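> Mind the numbering: the sequence shown is residues 676 to 882 in the numbering used here, read in order.
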Amino acid sequence: MITELEKCMRGELYDCHAPIFIERKTKAAEWCERYNSLPYARRSERKQMLTELFGSVGPNVSIGTDFLCDFGDNIHIGNNVSINHRCLFVDSNKIVIGNNVLIAPSVQINTSTHPVPLEERLTPDWDPDSQEYFCRTRALPITIGDGCWIGAGAILTAGVTIGEGAIVAAGAVVTKDVAPRTVVGGNPAKFIKNICNVIYVVIFKST
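#1: Just confirm the distance between the C-beta atoms of V782 and C762, as a whole number of angstroms; I'd bet it's less than 8 Å.
#2: What's the C-alpha gap between T832 and L743?
#3: When the Cα atoms are used, what is the spatial distance from C691 to C871?
#4: How would you write the range of the alpha helix (DSSP H) that L763 sits in, first residue to last?
#5: Helix, strand or coil: how does DSSP classify A703 here?
#6: Let me know if A829 comes out buried or exposed under the rule of 16 or more other beta-carbons within 10 Å of its beta-carbon.
#7: Since L777 is in the beta strand (DSSP E), which residue starts that stretch and which ends it?
#8: Whole-angstrom Cβ separation of I695 and E679, contact assumed at under 8 Å?
#9: Among all the DSSP beta bridges, which residues are the ones paired with K851?
#10: Quick one, are the C-beta atoms of I752 and D766 less than 8 Å apart?
#11: Please report the residue range of the alpha helix (DSSP H) in which T726 lies.
#12: May I ask you to report which of helix, strand or coil DSSP gives L831?
#13: With K865 as the anchor, note down where its beta strand (DSSP E) starts and where it stops.
#14: Please report the straight-line C-alpha distance between A703 and N754, rounded to a whole angstrom.
#15: Under the three-state reduction of DSSP, which class applies to L793: helix, strand or coil?
#16: What are the boundary residues of the alpha helix (DSSP H) that includes E679?
#17: With a cut-off of 8 Å on the beta carbons, I'd call A864 and V843 a contact; round off their distance for me.
#18: Would you mind sorting I784 into buried or exposed? The rule is 16 or more other CB atoms within 10 Å of its CB.
#19: Have a look at the DSSP bridge pairing and note the partners of Y689.
Structure follows, in structure tokens:
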């Protein structure tokens with residue numbers, strides 16, 4: 676029999692109030708409370724705490740205060756990553772962040788989603804006395820490539836991939852994949868421009 680956790684990680688509809696998820700959320704909530712209460716000056720302790728909860732985390736990773744996540748163990752972070760204050764990671768499925776990534780304040784990364792048609796979104800024959808959620812839920816992984824910059828207040832929705840070196844403008848709502856080395860912005864986020872490498876050529880003229 677397929678477990679609710681397996682359904683979740685496969686991107687299928689699952690019961691988000693199953694005991695396994697309540698246990699993991701409780702652990703993550705306690706961790707967030709401890710992490711956010713640590714003074715900034717105790718940076719070595721804060722870095723050590725990241726390895727306690729996250730699925731994987733590379734060197735030179737910093738996360739500002741007022742950070743919240745759902746489970747924590749679905750979060751995978753590479754090397755040289757800065758995550759600023761008041762960020763929210765709903766990691767019901769995997770959130771994979773590459774190397775050399777900047778994430779500005781108040782960014783939301785949300786892997787959870789629901790069916791669009793109402794009759795599919797509501798749980799059939801839902802019983803208010805049960806622990807089952809009244810609404811059907813699924814979760815899709817989110818990937819942020821190497822060298823990306825996610826602007827302040829941006830929202831990344833379930834299932835998107837941000838290509839290598841891309842920039843998501845402040846306040847953008849990303850609902851589709853972002854191509855590498857591009858800038859997107861707006862709600863929903865749309866292509867703004869390509870990011871080109873500029874090569875300066877100096878010509879020495881003999882006299």
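A virtual CB, placed ideally from N, CA and C, is assigned to each residue, including glycine.
Quantities reported herein were computed from a predicted structural model and do not represent experimental measurements.
With the structure as the only source:
#1: The residue labelled residue 782 in the question sits at position 107 within the sequence shown. The residue labelled residue 762 in the question sits at position 87 within the sequence shown. Correct: roughly 5 Å between the Cβ atoms.
#2: Taking the sequence shown and counting its residues from 1, the one referred to as residue 832 is at position 157. Taking the sequence shown and counting its residues from 1, the one referred to as residue 743 is at position 68. Spanning the two alpha carbons is a distance of roughly 16 Å.
#3: Translated into the one-based positions of the sequence shown, residue 691 becomes position 16. Translated into the one-based positions of the sequence shown, residue 871 becomes position 196. Approximately 43 Å, taken between the alpha carbons.
#4: Counted from its first residue, the sequence shown places residue 763 at position 88. Careful: L763 lies outside any alpha helix (DSSP H), inside the beta strand (DSSP E) at L763 to V765.
#5: As a position in the sequence shown, residue 703 is number 28, starting the count at 1. Here A703 sits in helix by DSSP.
#6: To locate residue 829, count along the sequence shown from 1; it is residue 154. So A829 counts as buried.
#7: The residue you call residue 777 lines up with position 102 of the sequence shown. Counting along the chain, the beta strand (DSSP E) containing L777 begins and ends at V776 to I778.
#8: In the sequence shown, counting from the first residue as 1, residue 695 sits at position 20. In the sequence shown, counting from the first residue as 1, residue 679 sits at position 4. Indeed, because the Cβ distance is near 7 Å, the residues count as touching under 8 Å.
#9: In the sequence shown, residue 851 corresponds to position 176, counting from 1. None, per the DSSP bridge assignment.
#10: The sequence position of residue 752 within the sequence shown is 77, counting from 1. The sequence position of residue 766 within the sequence shown is 91, counting from 1. Their beta carbons are not under 8 Å apart, which means I752 does not touch D766 by this criterion.
#11: Your numbering for residue 726 matches position 51 in the sequence shown. R718 to L728 is the extent of the alpha helix (DSSP H) around T726.
#12: To locate residue 831, count along the sequence shown from 1; it is residue 156. Correct three-state label for L831: strand.
#13: Start at 1 with the first residue of the sequence shown, and residue 865 comes out as number 190. Taken as a continuous stretch (DSSP letters only), the beta strand (DSSP E) holding K865 covers K865 to N869.
#14: Here residue 703 corresponds to residue number 28 of the sequence shown, with the count starting at 1. Here residue 754 corresponds to residue number 79 of the sequence shown, with the count starting at 1. Near 22 Å, if we compare the C-alpha coordinates of N754 and A703.
#15: Translated into positions along the sequence shown, residue 793 becomes position 118. Three-state DSSP puts L793 in a helix.
#16: Your numbering for residue 679 matches position 4 in the sequence shown. E679 -> alpha helix (DSSP H) spans E679 to M684.
#17: On the sequence shown, residue 864 is found 189 positions in, with the first residue counted as 1. On the sequence shown, residue 843 is found 168 positions in, with the first residue counted as 1. Sure, about 7 Å apart at Cβ, within 8 Å.
#18: Position 109 of the sequence shown holds residue 784. Classification of I784: buried, given that the 10 Å Cβ count is 16 or more.
#19: For this step, residue 689 is matched to residue 14 along the sequence shown. Note: Y689 sits in a beta bridge opposite T812.
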